[in-house]
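To start, the structure itself, in structure tokens.
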Amino acid sequence: MKVTVVGAGNVGATCADVLAHREIANEIVLLDIKPGFAEGKALDIWQTAPINLYDSRTVGSTNDYAATANSDVVVITSGLPRKPGMSRDDLIATNAGIVKSVTENIVKYSPDAIIVIVSNPLDVMTYCAFLAAKVDSKKVFGMAGILDTARYRAFIASELNCSPKDIQAVLMGGHGDTMVPLPRYTTVGGIPVTELISEEKLNAIVDRTKTGGGEIVNLLGTSAWYAPGAAAAQMVEAIVRDQKRIFPVCALLNGEYGMKDIYLGVPVKLGKNGIEEIIELKLNDSEKALLASSATSVKEVMGVLDSMNLF
3 MKVTVVGAGN
13 VGATCADVLA
23 HREIANEIVL
33 LDIKPGFAEG
43 KALDIWQTAP
53 INLYDSRTVG
63 STNDYAATAN
73 SDVVVITSGL
83 PRKPGMSRDD
93 LIATNAGIVK
103 SVTENIVKYS
113 PDAIIVIVSN
123 PLDVMTYCAF
133 LAAKVDSKKV
143 FGMAGILDTA
153 RYRAFIASEL
163 NCSPKDIQAV
173 LMGGHGDTMV
183 PLPRYTTVGG
193 IPVTELISEE
203 KLNAIVDRTK
213 TGGGEIVNLL
223 GTSAWYAPGA
233 AAAQMVEAIV
243 RDQKRIFPVC
253 ALLNGEYGMK
263 DIYLGVPVKL
273 GKNGIEEIIE
283 LKLNDSEKAL
293 LASSATSVKE
303 VMGVLDSMNL
313 F
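Letter by letter, the sequence shown follows residues 3 to 313 in the numbering used here.
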């Protein structure tokens, strides 16, 4: 089993590190355009193997896509990170060109690979990769919902002073300020969260979740990496081990939720074939309105990509 992570920055290296520690693949390839960068990160990770007792081999490559050949899963983290005051939409022009080039090179050497996008702005970069890959949309999708629900669940765990292990949640829509957390589908040890947290506090947690990425950018001066890297690794694990996990991911909708030709965060079943099923929840009128509003925002950004005439 072979997994490639394109982009050896903080998110990509964290993803590779988690994959190695959990022995999710025999070989993990890190690739980057900066000379020696991926090689150094991969070597550093490999040297933790005798300490942490795992066998997954990490190797690095500088812009040589031949090293990624025959990968089963590819995670693409390439692109510029957000800086303070920069919205995800500001990144589109530069990152679209990067993601297009990376995807085309990946498909050239690994035509059957399942592709997981982490690059921002997430929803439109996933759409960009789909257009570039020219493969079934079930094999090209984005990591957003797992990260967003992790933040949401972490905030709930802090509020209740309980274990995050017991919290389950669903979150839909675009990755960013228009995401749609669903308290009605959030439970703590099987108990609806609405029975444990007041509406006012829960709304505050939802609002904090929506701006969770920006909060970390303001604190660090750059994007988060531990949680995004771990979230991408969890998706890879579900695919490689055919776990049939139910996760919120950025998927192409073709009629689901009454929407077509849009990449949007929805719950899916994730396994060896990629997205094996898109799960349609029964949303109430308020939730439908929030999802529609989020979709409108995503469509606008997708329109920006279309207007660039890259494809």
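Ideal Cβ placement from N, Cα and C applies to all residues, glycine included.
Candidates the options, of which the one nearest residue i by Cα
{"i": "threonine 224", "options": "Asp308, Val13 and Val238", "result": "Val13"}
{"i": "phenylalanine 313", "options": "Asp114, Arg24, Gly87 and Ala131", "result": "Ala131"}
{"i": "isoleucine 108", "options": "Leu133, Met127, Ala68 and Leu266", "result": "Ala68"}
{"i": "alanine 291", "options": "Gly144, Met174 and Lys36", "result": "Met174"}
{"i": "threonine 213", "options": "Val242, Ala229 and His177", "result": "His177"}
{"i": "lysine 274", "options": "Arg153, Met145 and Asp244", "result": "Asp244"}
{"i": "glycine 38", "options": "Leu21, Ala15, Val182 and Gly62", "result": "Gly62"}
{"i": "arginine 24", "options": "Thr211, Thr60, Gly11 and Lys284", "result": "Thr60"}
{"i": "leucine 254", "options": "Arg210, Asp287 and Lys301", "result": "Lys301"}
{"i": "methionine 237", "options": "Ala226, Val251, Trp227 and Tyr228", "result": "Val251"}
Test item: CB-CB of residue i and residue j under 8 Å
{"i": "threonine 64", "j": "glutamate 29", "result": "no"}
{"i": "isoleucine 53", "j": "glycine 81", "result": "no"}
{"i": "arginine 186", "j": "isoleucine 169", "result": "no"}
{"i": "isoleucine 73", "j": "lysine 136", "result": "The sequence given here places serine at residue 73; isoleucine does not occur at that position. Contact flag unset, no."}
{"i": "valine 242", "j": "isoleucine 26", "result": "yes"}
{"i": "valine 20", "j": "glycine 231", "result": "yes"}
{"i": "valine 113", "j": "leucine 93", "result": "Position check: residue 113 holds proline in this sequence, whereas valine was assumed. In this structure, leucine 93 does not lie closer than 8 Å to proline 113 by Cβ."}
{"i": "valine 190", "j": "leucine 162", "result": "yes"}
{"i": "glutamate 289", "j": "valine 182", "result": "yes"}
Where residue i falls, given that 16 or more other Cβ within 10 Å makes a residue buried
{"i": "asparagine 97", "result": "buried"}
{"i": "leucine 221", "result": "exposed"}
{"i": "alanine 234", "result": "buried"}
{"i": "glutamine 49", "result": "exposed"}
{"i": "threonine 196", "result": "exposed"}
{"i": "tyrosine 129", "result": "buried"}
{"i": "threonine 70", "result": "buried"}
{"i": "proline 194", "result": "exposed"}
{"i": "leucine 16", "result": "Note that residue 16 is threonine in the sequence shown here, rather than leucine. Classification of threonine 16: buried, given that the 10 Å Cβ count is 16 or more."}
{"i": "serine 165", "result": "exposed"}
Residue(s) in a DSSP beta bridge with residue i
{"i": "asparagine 256", "result": "Lys262"}
{"i": "threonine 224", "result": "Note: threonine 224 sits in no beta bridge, so no partner."}
{"i": "isoleucine 248", "result": "Lys271"}
{"i": "threonine 70", "result": "Its beta-bridge partners do not exist; DSSP assigns none."}
{"i": "isoleucine 78", "result": "Val8 and Ile119"}
{"i": "serine 63", "result": "Leu33"}
Check: residue i C-beta below 7 Å from any heavy atom of the ligand NAP
{"i": "glycine 216", "result": "Looking for the ligand NAP in the displayed structure turns up nothing, as the structure carries no ligands at all."}
Item to check | Whole alpha helix (DSSP H) elements within the segment 19 to 59, 4-residue minimum | outcome: 39 to 48 and 51 to 54
Checklist entry - In the segment 149 to 221, which residue ranges form an unbroken alpha helix (DSSP H) of at least 4 residues, counting only runs that do not cross its ends? => result 201 to 212
Checklist entry - Which runs of the alpha helix (DSSP H), 4 residues or longer, sit entirely within the segment 102 to 148? => result 124 to 135
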